[in-house]
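Convert by adding 36 to the 1-based position in the sequence shown; the result is the number in this note's numbering. For every residue, glycine included, the Cβ atom is placed at its ideal position computed from N, Cα and C. Here's the structure we're looking at; comments come further down.
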Amino acid sequence: MLTCSKTYRDIPFAHRQHRHNGHCSLIHGHNWAITLTFACQKTDANGFVVDFGDLKYLKTWIAQNLDHACLFNESDPESEALLAQFGHLFKAYILPNTSCEGLAQHLHGVFNPMVRAQTEDRVWVTQVEIEEDSKNSATYLPD
Ligand SMILES: [Zn+2]
């Protein structure tokens, strides 16, 4: 197996952890980084796992869904009322869990099928690393 990785850095978006006892329950932002590791058994004609020039669809998805967004846990009891009243102030993105770990797992579920479709199943996403700042990160590796 061969791998390569691509990092999308300095993506500003907000989140909150509504169950957290401390300040993580408040809506706050980070400049996130998303590192995708791609894997294949057989490279393309250029010897690449993926051609980094052919990944614009991933950058576009990030720009459309995460850039300047506010992420909410789908179980967040405040988000529905908040968005009903102030939805015009938010680019909301709702997922099972907005932690680094939850986002890594969620984005694997988003990006892996996209990459497989784009490469006719030659390439898959084998790892997603999420950094919320320069100190904290989490990685999802599917079983
Ligand atoms: Zn945070």
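Between the options, which has its C-alpha nearest residue i's C-alpha?
| i | options | result |
| --- | --- | --- |
| T39 | T71, E156, F49, D46 | T71 |
| G65 | Q77, R52, E116 | R52 |
| I63 | P178, E114, Q163 | E114 |
| W97 | P132, M37, Y44 | Y44 |
| A75 | K42, D112, Q121, E116 | K42 |
| T79 | G58, T155, N57 | T155 |
| S61 | N133, H144, G123, P149 | N133 |
| V264 | H56, D46, T73 | Since the first residue shown for the chain is 37 and the last is 179, residue 264 is missing from the structure and cannot be characterised. |
| D157 | V86, F122, H56, K95 | V86 |
| M37 | Q77, K95, D46 | Q77 |
What does the Cβ neighbour count give for residue i, buried or exposed, with the cut at 16 atoms within 10 Å?
| i | result |
| --- | --- |
| A140 | buried |
| Y176 | buried |
| H142 | buried |
| F147 | buried |
| F88 | exposed |
| G83 | exposed |
| G58 | exposed |
| G138 | buried |
Go ahead and pull the three-state DSSP assignment for residue i.
| i | result |
| --- | --- |
| G58 | coil |
| E12 | As displayed, the chain neither begins before 37 nor continues past 179, which places residue 12 out of reach and without an answer. |
| P48 | strand |
| L38 | strand |
| Q131 | What sits at residue 131 in the sequence shown is Leu, not Gln. Here L131 sits in strand by DSSP. |
In its own chain, which residues sit with a C-beta less than 7 Å from the C-beta of residue i, not counting the 5 before and 5 after it?
| i | result |
| --- | --- |
| F126 | C106, L119 |
| C136 | I166, E168, N172, S173, A174 |
| N101 | Y129 |
| P178 | H144 |
Can you list, in chain order, the residues of its chain with a C-beta nearer than 6 Å to that of residue i? Leave out the 5 residues immediately preceding and following it.
| i | result |
| --- | --- |
| I130 | F108, E110 |
| V151 | V159, V161 |
| D112 | H54 |
Going by beta carbon distance, what residues of the same chain come within less than 8 Å of residue i, once the five residues before and after it are set aside?
| i | result |
| --- | --- |
| P48 | G65, H66, N67, W68, D103, H104 |
| A81 | none |
| Y93 | M150, Q154 |
Contiguous alpha helix (DSSP H) assignments of at least 4 residues, all confined to the region 67–128: 92–101, 115–122
Quiz: which residues have CB nearer than 7 Å to ligand 3 non-hydrogen atoms: Absence of ligand 3 from the depicted structure is noted, with ligand 1 being the only ligands included.
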